[in-house]
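J.: Residue numbers (this note's numbering), protein chains in the order written: chain A, 25 to 212; chain B, 4 to 248. For every residue, glycine included, the Cβ atom is placed at its ideal position computed from N, Cα and C. The structure follows.
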Amino acid sequence: MLFGKRTSKDAFEKQAEKVFPSVFGTALRLTRSREEAEDLAQEAIVRAYEAFDRFDGANFKAWILRIVTNLYINRYRQRQRGPSLSSIDEEGMAEPVADEGDVPDRLLFDGLLGGEVEEALGKVPDDFRIAVVLSDLEGMSYQEIADATGVPIGTVRSRLARGRALLRRMLKEYAMREGYVSAAEVDE
Amino acid sequence: MSDYLDIHALADGQLDGEDRTAAEARLRECERSQAEFRAVQGLRETLQSKCAPITCEDTWRRCQGRLKEIERTRRVESFVGRYAWGLCSVFVVTIMMAASMNRMGGASMSTGDVARASSTLIPFAAPRSQAPDDQRKWLEGVMNGPMPAQPESVQVIGGASGMINGHKMVRVNLVDSIGTMAFFLMEDVQRITDAESTTKRGFSICKLNGTNAVGWSEGNRSFLLIGERPIDDLEIVATAIRGRN
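Below you can see the structure in the form of structure tokens.
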């Protein structure tokens, strides 16, 4: 029995170490604070370890990111001060991400630095940001995001579209402000 | 609204069957859908290329430390949980064995214990008769058991008794031609712990508050004779009390 536990711990550690950059990255992008991200990531790892015998063996990364997201929503989000959905109509019409005749993203965003993209992402309201981070950075499916956030798939799709539209708009404004792309190029 | 969401879902690879076919058809025909599709793909590529992995080795090491602690706690809890009854039984048996061995092996007492106890004993009067037989009977009554011989040259002039550490203790004050002595009897005490090596006559030698003393044990009783005189003189009296050479 003791050897069984040891094997289980080793198996968990092996899998957890592989996905830990995603765990920590997600924690940091959700909390936007390194200190809170460390707490959240550690707590998620401990929770996951304690629940490892209930893991179905399918997708470890999605399972552990679900724990991270759940913990964030239940504990950490209340302390956050970022823009919330109360100020943005979640159920409003999802706007298209692209404008007609828009410049290609490669041209638009190539000059942006990582920190600038991270900063823009941090300004996206919480629920939209969660959807964008889990989908576009961590590659989770809509169903997995719905499970992690406890909302229907339709809401996930809507949040993702709104989040992307907001983020793209911010990045575009930033690129223009910083001179990475000119207004003339955008209007072409 | 759902048109755009379907284009997003198509770009995310989240559509199957008819939904996928319909979205793909729309994508072929509609320029706005194509722009939307490219925008979603472009944004995702931007995020994935610009948001680099974050260094977190230290945090992972801390996580490993916590996992180790949890594992250690689990093992202890598991062991204790599984063997709790066994551990309790072992403790109980150990305590009972220790008590039993203590009873069988007899307790011990130091000269310091004797000195401290001596002042707390309750005094009693000396026997009225000075006849050796009367004094012997009196001593046996006081000591609640058979008394070693009492030498005729020694008189009983008083005494005291009480309990110390659960053991009955009796002090009898004696006097002979040289001076006074104190004779201690301790029930259920089988040795004086800080007594030095035994003499030729089999007495333990020790000092009590700087005064010479000789001790011996018989059965589960220990005796101590104390007096301001040389050990040899004490041994003579002790030998007479013990009743054998």
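At what residues does the alpha helix (DSSP H) containing Lys147(A) begin and finish?
T.: As a working note, residue 147(A) is residue 123 in the first sequence. According to the DSSP assignment, Lys147(A) belongs to the alpha helix (DSSP H) that extends over Gly138 to Lys147.
J.: Would you say Gln193(B) lies against chain A (beta-carbon separation less than 8 Å)?
T.: Counted from its first residue, the second sequence places residue 193(B) at position 190. Not closer than 8 Å to any Cβ of chain A, the Cβ of Gln193(B) fails to qualify, so no.
J.: As a quick exercise: from Glu27(B), Val157(B) and Phe187(B), pick the residue whose alpha carbon is nearest that of Arg119(B).
T.: As a first step, residue 119(B) is located in the second sequence; it is residue number 116 there, counting from the start. Arg119(B) has its Cα closest to that of Phe187(B), out of Glu27(B), Val157(B) and Phe187(B).
J.: DSSP state of Ala120(B), grouped into three classes?
T.: Along the second sequence, one-based indexing puts residue 120(B) at 117. Here Ala120(B) sits in helix by DSSP.
J.: Under a CB-based cut-off of 8 Å, is Asp160(A) close to chain B?
T.: Residue 160(A) sits at position 136 when you count from the first residue of the first sequence. Yes, contact with chain B.
J.: Does the beta-carbon of Glu115(A) have 16 or more other beta-carbons within 10 angstroms, so that it is buried, or is it exposed?
T.: Taking the first sequence and counting its residues from 1, the one referred to as residue 115(A) is at position 91. For Glu115(A), the predicted structure reports a pLDDT of 49, less than 50, and the residue's modelled location is therefore unreliable. A value from the coordinates is still provided. Under this definition Glu115(A) is an exposed residue.
J.: Quick one: grab the DSSP three-state call for Glu143(B).
T.: By 1-based counting over the second sequence, the position of residue 143(B) is 140. In the structure shown, Glu143(B) adopts helical secondary structure according to DSSP, grouped into three states.
J.: Straight-line CA distance for Gly218(B) to Ile234(B)?
T.: For the purposes of this step, residue 218(B) is taken as the residue at position 215 of the second sequence. For the purposes of this step, residue 234(B) is taken as the residue at position 231 of the second sequence. Whole-angstrom Cα-Cα distance: 11 Å.
J.: Assign Lys196(A) to buried or exposed, taking buried as 16 or more other Cβ atoms, counted over all protein chains shown, within 10 Å of its Cβ.
T.: Within the first sequence, residue 196(A) is the residue found at index 172, counting from 1. Flag for Lys196(A) reads buried.
J.: For Gln133(B), name the three-state secondary structure that DSSP assigns.
T.: Numbered from 1 along the second sequence, position 130 holds the residue referred to as residue 133(B). Secondary structure at Gln133(B): coil, using DSSP grouped into helix, strand and coil.
J.: What does Thr49(B) reach in chain A if we use C-beta pairs closer than 8 Å?
T.: Numbered from its first residue, the second sequence carries residue 49(B) at position 46. Near Thr49(B) (Cβ distances below 8 Å), the residues of chain A are Asp129, Phe133, Leu136, Val141 and Leu195.
J.: Is Ser164(B) near Ile125(B), with beta carbons less than 8 Å apart?
T.: As a first step, residue 164(B) is located in the second sequence; it is residue number 161 there, counting from the start. As a first step, residue 125(B) is located in the second sequence; it is residue number 122 there, counting from the start. The answer is yes: Cβ separation under 8 Å.
J.: Per the DSSP calculation, Thr183(B) is bridged to which residue(s)?
T.: As a first step, residue 183(B) is located in the second sequence; it is residue number 180 there, counting from the start. Answer is Val178(B).
J.: Where does Phe94(B) land, buried or exposed, given buried means 16+ other C-beta within 10 angstroms?
T.: In the second sequence, residue 94(B) corresponds to position 91, counting from 1. It is exposed - the Cβ of Phe94(B) has fewer than 16 other Cβ atoms within 10 Å.
J.: Just the C-alpha distance for Thr50(A) and Asp34(A), rounded to the nearest angstrom, thanks.
T.: The residue given as residue 50(A) occupies position 26 in the first sequence. The residue given as residue 34(A) occupies position 10 in the first sequence. Cα-Cα distance, rounded: 24 Å.
J.: I need the DSSP call for Arg232(B), collapsed to helix, strand or coil.
T.: In the second sequence, the residue the question calls residue 232(B) occupies position 229. Note: Arg232(B) maps to coil in three-state DSSP.
J.: I'd like to know if Tyr7(B) contacts chain A, where contact means its C-beta is closer than 8 Å to some C-beta of that chain.
T.: Numbered from its first residue, the second sequence carries residue 7(B) at position 4. It does: the Cβ of Tyr7(B) has a partner Cβ on chain A nearer than 8 Å.
J.: Using 10 angstroms around the beta-carbon of Met166(B), count the other beta-carbons present and answer buried if the total reaches 16, otherwise exposed.
T.: Residue mapping note: residue 166(B) aligns to position 163 of the second sequence, counting from 1. Exposed.
J.: Report yes or no: do three or more beta-carbon pairs, one from the segment 167–177 of chain A and one from the segment 92–99 of chain A, lie closer than 8 Å?
T.: yes
J.: Compare the Cα-Cα distances from Asp137(B) to each of Val117(B), Thr123(B), Ile229(B) and Gln158(B) and report the closest residue.
T.: Numbered from 1 along the second sequence, position 134 holds the residue referred to as residue 137(B). Nearest option by C-alpha distance: Gln158(B).
J.: What residue ranges within the segment 14–54 of chain B form continuous beta strand (DSSP E) runs of no fewer than 3 residues, ordered along the chain?
T.: Within the segment 14–54 of chain B, no complete beta strand (DSSP E) run reaches 3 residues.
J.: Starting from Leu191(A), trace the alpha helix (DSSP H) in both directions and tell me its first and last residue.
T.: The residue labelled residue 191(A) in the question sits at position 167 within the first sequence. Start and end: Ile177 to Arg201.
J.: Within this structure, are the beta carbons of Glu238(B) and Arg204(B) separated by less than 8 Å?
T.: Here residue 238(B) is taken as the residue at index 235 of the second sequence, counted from 1. Here residue 204(B) is taken as the residue at index 201 of the second sequence, counted from 1. Contact flag set, yes.
J.: Name the chain B residues whose beta carbon is nearer than 7 Å to that of Pro45(A)?
T.: As a first step, residue 45(A) is located in the first sequence; it is residue number 21 there, counting from the start. Within 7 Å Cβ-Cβ: Pro56, Ile57 and Cys59.
J.: Quick check on Ile98(B): buried or exposed, where buried means 16 or more other Cβ atoms within 10 Å of its Cβ?
T.: As a working mapping, residue 98(B) is identified with position 95 in the second sequence. Burial call: exposed.
J.: Is there at least one Cβ from chain A nearer than 8 Å to Ala101(B)'s Cβ?
T.: Walking along the second sequence from the start, residue 101(B) turns up at place 98. Answer no: the Cβ-Cβ gap between Ala101(B) and chain A never drops below 8 Å.
J.: Helix, strand or coil for Glu115(A), going by three-state DSSP, please let me know.
T.: Within the first sequence, residue 115(A) is the residue found at index 91, counting from 1. Low local confidence applies: a pLDDT of 49 at Glu115(A) is under 50, so the model's placement there is unreliable, and no value is given.
J.: So, are the CB atoms of Thr214(B) and Glu231(B) less than 8 Å apart?
T.: As a working mapping, residue 214(B) is identified with position 211 in the second sequence. As a working mapping, residue 231(B) is identified with position 228 in the second sequence. With contacts defined by Cβ atoms closer than 8 Å, Thr214(B) and Glu231(B) form a contacting pair.
J.: From the DSSP output, in three-state form, read off Arg194(B) for me.
T.: The sequence position of residue 194(B) within the second sequence is 191, counting from 1. Correct three-state label for Arg194(B): strand.
J.: Residues of chain B with CB closer than 9 Å to the CB of Lys85(A), please, in chain order.
T.: In the first sequence, counting from the first residue as 1, residue 85(A) sits at position 61. Residues of chain B passing the Cβ test: none, with the nearest at roughly 14 Å.
J.: Could you spell out the range, first to last residue, of the beta strand (DSSP E) harbouring Ile97(A)?
T.: As a position in the first sequence, residue 97(A) is number 73, starting the count at 1. DSSP places Ile97(A) in no beta strand (DSSP E); its state is neither H nor E.
J.: Taking just the CA atoms, how far does Tyr73(A) sit from Phe36(A)?
T.: Locating residue 36(A) in the first sequence gives position 12, counting from the first residue. Locating residue 73(A) in the first sequence gives position 49, counting from the first residue. Each residue's alpha carbon lies about 7 Å from the other.
J.: How far does the alpha helix (DSSP H) with Val156(A) in it extend, from its first residue to its last?
T.: If you number the first sequence from 1, residue 156(A) lands on position 132. Note, Val156(A): alpha helix (DSSP H), Asp150 to Val156.
J.: Does the Cβ of Cys91(B) have 16 or more other Cβ atoms within 10 Å, making it buried, or fewer, making it exposed?
T.: By 1-based counting over the second sequence, the position of residue 91(B) is 88. Around the C-beta of Cys91(B), fewer than 16 other C-beta atoms lie within 10 Å, and the residue is accordingly described as exposed.
J.: According to DSSP, which residues form a beta bridge with Arg90(A)?
T.: Along the first sequence, read from residue 1 onward, the residue named residue 90(A) stands at position 66. Looking at the DSSP assignment, Arg90(A) forms no beta bridge with any residue, so it has no partner.
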